[in-house]
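Asks: Dropping a structure here in structure tokens format, bear with me for questions.
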Amino acid sequence: MTDAGSTAGLTVVHDAAELVVGPDEGTGVVVLEDAAFAALDGEVVAVGPTAEVLADYPVEDAETAIDATGKTVLPGFVDPHTHALFAGDRSDEFVAKLRGATYEEILADGGGILRTVDAVREASDDELAANLAEHLDAMLAHGTTTVEVKTGYGLDTETELRMLSAIDAAGSDHPVDVIPTFMGAHAVPRGMDAEEYTESVVSDQLPAVAEQGLAEFCDVFCERGVFTAEQSRRILDVGRDHGLTPKIHADEFAAIGGTDVAAAVGAASADHLLHTGGAGRETLVEAGVTPVMLPGTAFGLGADYADARAFLDAGHEVALATDFNPNCFARSMGFVATLASVGMRMTPHEAIRGVTSAAAGALDLDDGTGTLRTGAPADAVVLDVPTATHLSYRFDTNPVSTVLKSGVVVRE
Ligand code: ZN
95 MTDAGSTAGL
105 TVVHDAAELV
115 VGPDEGTGVV
125 VLEDAAFAAL
135 DGEVVAVGPT
145 AEVLADYPVE
155 DAETAIDATG
165 KTVLPGFVDP
175 HTHALFAGDR
185 SDEFVAKLRG
195 ATYEEILADG
205 GGILRTVDAV
215 REASDDELAA
225 NLAEHLDAML
235 AHGTTTVEVK
245 TGYGLDTETE
255 LRMLSAIDAA
265 GSDHPVDVIP
275 TFMGAHAVPR
285 GMDAEEYTES
295 VVSDQLPAVA
305 EQGLAEFCDV
315 FCERGVFTAE
325 QSRRILDVGR
335 DHGLTPKIHA
345 DEFAAIGGTD
355 VAAAVGAASA
365 DHLLHTGGAG
375 RETLVEAGVT
385 PVMLPGTAFG
395 LGADYADARA
405 FLDAGHEVAL
415 ATDFNPNCFA
425 RSMGFVATLA
435 SVGMRMTPHE
445 AIRGVTSAAA
455 GALDLDDGTG
465 TLRTGAPADA
475 VVLDVPTATH
485 LSYRFDTNPV
495 STVLKSGVVV
505 RE
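Residue numbering for the sequence shown follows the working numbering, beginning at 95 and increasing consecutively.
So this is what it looks like as structure tokens:
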């Protein structure tokens, strides 16, 4: 899914004012000052004080050397929840919302997801892949090196498979690692009720998706007026039988049992959680389900933010994602970090963990992605700011000066 074919030889990033290594024992991150890391063939082999790293891996020996004096180095951002493959323009719905229309009213009017479904069904394969590639470029420019992309604007077998192929095509051609999620159960198409459509997802779409062999996760929109907890559970169970790891959209507009489903099916993550109470939180934590919060969605809807502090104050981590889609036009994880701090009172270090290692956890990535520890993929972002705190603190311009994927400079 990545063109990581190019090997990097030795890469050294040195003299960083601050370097974030990975999660600490609390809910924050380990930060080193005047630090460096070295990578060989795409993998981190040393991280620590600049003098120590350069003693073993001198700049003269490096194929790529980056002087990060006065700058801050973070693991590449991992965006674990997007609907980044779509067609069409829904900016008029943004205006309708400003006039007071709710998301659910827009949906009931034939707008929202179903309008994007029409546009995606009409788009060619090449258009779809090109649309996604353009968004991947923007994400990379803002420091994202791994992204999850969902289907769910097809809502029939043929278009859902076409979406997975387009995700694969755009990802194969791009430095950003793209992880595909099948989300046929994103909305109920016109002319069917939720029960009939659930049957079609389970009996028609999932077997075809499994045979195609591209999707890694299966997701469902468990929500009032969309899919019930029972229907969601059935879809995720059958998806798992087909080898797809479950994920779930839960408690966005109402708590209808999505957290219980997440625990029952062993979901990698439960996402949104705007209306999750104490019982739901405990259910997720006990089941080891990573909570993913999407502050851009709350910001865009003018809604209350999810209660990240309730998880964090109890010692549990929180992953962050853009939820990039036509209803939430956000591709920058730095902006998401700002919203997490301002809207959910996450400290800048908690937000950095949310967009790196915690986000990797939401995608079941256990190879060190989201950290710069020894053995991890050398995915890193160099920010033109003096400390890690500035990721949340600044929200006017893009602070990214260099992005490395597997030790190779892919953006500067
Ligand atoms: Zn979503």
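C-beta atoms are modelled at their ideal positions from N, C-alpha and C, and glycine is treated no differently.
This one's a predicted model, so the numbers in the text were calculated from it and none came from an experiment.
Given a threshold of 16 other Cβ atoms within 10 Å of its Cβ, counted over all protein chains shown, does R318 qualify as buried or as exposed?
Replies: With fewer than 16 Cβ atoms within 10 Å of its Cβ, R318 is classed as exposed.
Asks: In the DSSP assignment, find the unbroken beta strand (DSSP E) run with V295 in it and report its ends.
Replies: Segment: none, V295 is in no beta strand (DSSP E) and carries neither H nor E.
Asks: Candidates I329, V153, V272: which alpha carbon is nearest D298's?
Replies: Nearest option by C-alpha distance: I329.
Asks: Helix, strand or coil: which one does DSSP assign to L258?
Replies: Reduced to three states, the DSSP call for L258 is helix.
Asks: Roughly how many angstroms lie between the CA atoms of S100 and S495, to the nearest whole one?
Replies: Any reading at S100 must be qualified, since the residue scores a pLDDT of 44, below 50, and its modelled position is unreliable; no value is offered.
Asks: I134 and I261 look like a contact to me (Cβ under 8 Å); what is the Cβ gap, rounded to whole Å?
Replies: One point to set straight first is that residue 134 is Leu, not Ile, in the sequence displayed. Actually they do not touch by this definition, with Cβ atoms about 31 Å apart.
Asks: For my contact list, E380 and T339 are in at a C-beta cut-off of 8 Å; report their separation, rounded to the angstrom.
Replies: With 8 Å as the limit, E380 and T339 do not qualify as a contact, their Cβ atoms being about 19 Å apart.
Asks: I need the straight-line Cα distance from A190 to A397, nearest angstrom please.
Replies: Roughly 16 Å between the two C-alpha positions.
Asks: Is the CB-CB distance between D345 and L378 below 8 Å?
Replies: Going by C-beta atoms, D345 is not nearer than 8 Å to L378.
Asks: Can you tell me the Cα-Cα spacing of R334 and D220, whole angstroms?
Replies: Answer to the nearest angstrom: the Cα atoms are 30 Å apart.
Asks: The ligand ZN heavy atoms versus the CB of D401: any closer than 7 Å?
Replies: No, since every heavy atom of the ligand ZN falls outside the 7 Å radius drawn around the Cβ of D401.
Asks: For M277 and V214, which I take to be in contact (beta-carbon distance under 8 Å), what is that distance rounded to the nearest angstrom?
Replies: Not confirmed; about 13 Å, so no contact.
Asks: Given I200, which residues of its chain have a CB within under 8 Å of its CB, disregarding the five upstream and five downstream residues?
Replies: The residues are E187, A190, K191, G206.
Asks: In whole angstroms, give me the CA-to-CA distance for L148 and I160.
Replies: Cα to Cα, L148 sits roughly 12 Å from I160.
Asks: Using the three-state DSSP reduction, which class does G99 fall into: helix, strand or coil?
Replies: Bear in mind that the predicted position of G99 carries a pLDDT of just 40, short of 50, making it too unreliable to give a figure here.
Asks: Using DSSP's beta-bridge definition, name the partner residues of T496.
Replies: In the DSSP output, where bridge partners are listed per residue, T496 has V476.
Asks: With a CB to CB cut of under 6 Å and the five nearest residues on each side skipped, what residues in its chain are close to G501?
Replies: Around G501: A102, T105, A133, G136, A472.
Asks: Who are the near neighbours of A358 in its chain, counting only those whose CB is closer than 7 Å to its CB and skipping five residues on each side?
Replies: Here the set comprises R327.
Asks: Tell me whether the beta-carbon of V383 lies closer than 8 Å to the beta-carbon of A364.
Replies: Their beta carbons are under 8 Å apart, which means V383 touches A364 by this criterion.
Asks: List, from N- to C-terminal side, the alpha helix (DSSP H) runs of 4 residues or more that fit wholly inside the region 133-174.
Replies: 144-150, all fully within the region 133-174.
Asks: Do the CB positions of A454 and D173 come within less than 8 Å of each other?
Replies: In this structure, D173 does not lie closer than 8 Å to A454 by Cβ.
Asks: Given this structure, state the Cα-to-Cα distance separating E305 from V167, to the nearest angstrom.
Replies: Approximately 41 Å between the Cα atoms of the pair.
Asks: Please state whether the Cβ-Cβ distance between A529 and V296 is less than 8 Å.
Replies: Any answer about residue 529 is impossible in this case: the structure gives the chain only from 95 up to 506.
Asks: Taking only three categories from DSSP, how would you classify F363?
Replies: For the record, residue 363 in the displayed sequence is Ser; it is not Phe. S363 falls in the strand class under three-state DSSP.
Asks: Within 10 angstroms of the Cβ of D461, are there 16 or more other Cβ atoms? Answer buried if so, exposed if not.
Replies: D461 should be labelled exposed.
Asks: Taking 8 Å as the threshold (C-beta atoms), are A156 and T144 in contact?
Replies: Not a contact, by the Cβ cut-off of 8 Å.
Asks: Could you spell out the range, first to last residue, of the alpha helix (DSSP H) harbouring R403?
Replies: 402-407 is the span of the alpha helix (DSSP H), which, as asked, contains R403.
Asks: Less than 7 Å separating the Cβ of D135 from some heavy atom of the ligand ZN?
Replies: No; taking the cut-off as 7 Å, the Cβ of D135 has no heavy atom of the ligand ZN nearer than that.
Asks: Could you give the residue range of the alpha helix (DSSP H) that holds M283?
Replies: In the sequence as presented, Met is not what sits at residue 283; that position holds Pro. Premise fails: P283 is in no alpha helix (DSSP H) and is neither H nor E.
Asks: Following a CB-centred definition, is H369 positioned closer than 7 Å to any heavy atom of the ligand ZN?
Replies: No, since every heavy atom of the ligand ZN falls outside the 7 Å radius drawn around the Cβ of H369.
Asks: For G437, tell me which candidate among L466, G394, L457 has the shortest Cα-Cα distance.
Replies: Among L466, G394, L457, the Cα nearest to that of G437 belongs to G394.
Asks: Under the assumption that V332 contacts F321 (Cβ atoms under 8 Å), give the Cβ distance between them as a whole number of angstroms.
Replies: That belief does not hold up - the Cβ atoms of V332 and F321 are roughly 13 Å apart, past 8 Å.
Asks: Please classify E228 as buried or exposed, where buried requires at least 16 neighbouring CB atoms within 10 angstroms.
Replies: Exposed is the call here.
Asks: Examine the ligand ZN and report whether any of its heavy atoms sits within less than 7 Å of the Cβ of H229.
Replies: Not under cutoff, so the answer is no.
Asks: Around the ligand ZN, what residues have a beta-carbon under 6 Å from a heavy atom of it, in chain order?
Replies: Output, sorted by chain position: H175, H177, H343, D417.
Asks: Could you pull out every residue in the same chain whose Cβ sits closer than 6 Å to the Cβ of G120, ignoring the five residues on either side in sequence?
Replies: Taken in chain order, the list of residues that qualify is empty.
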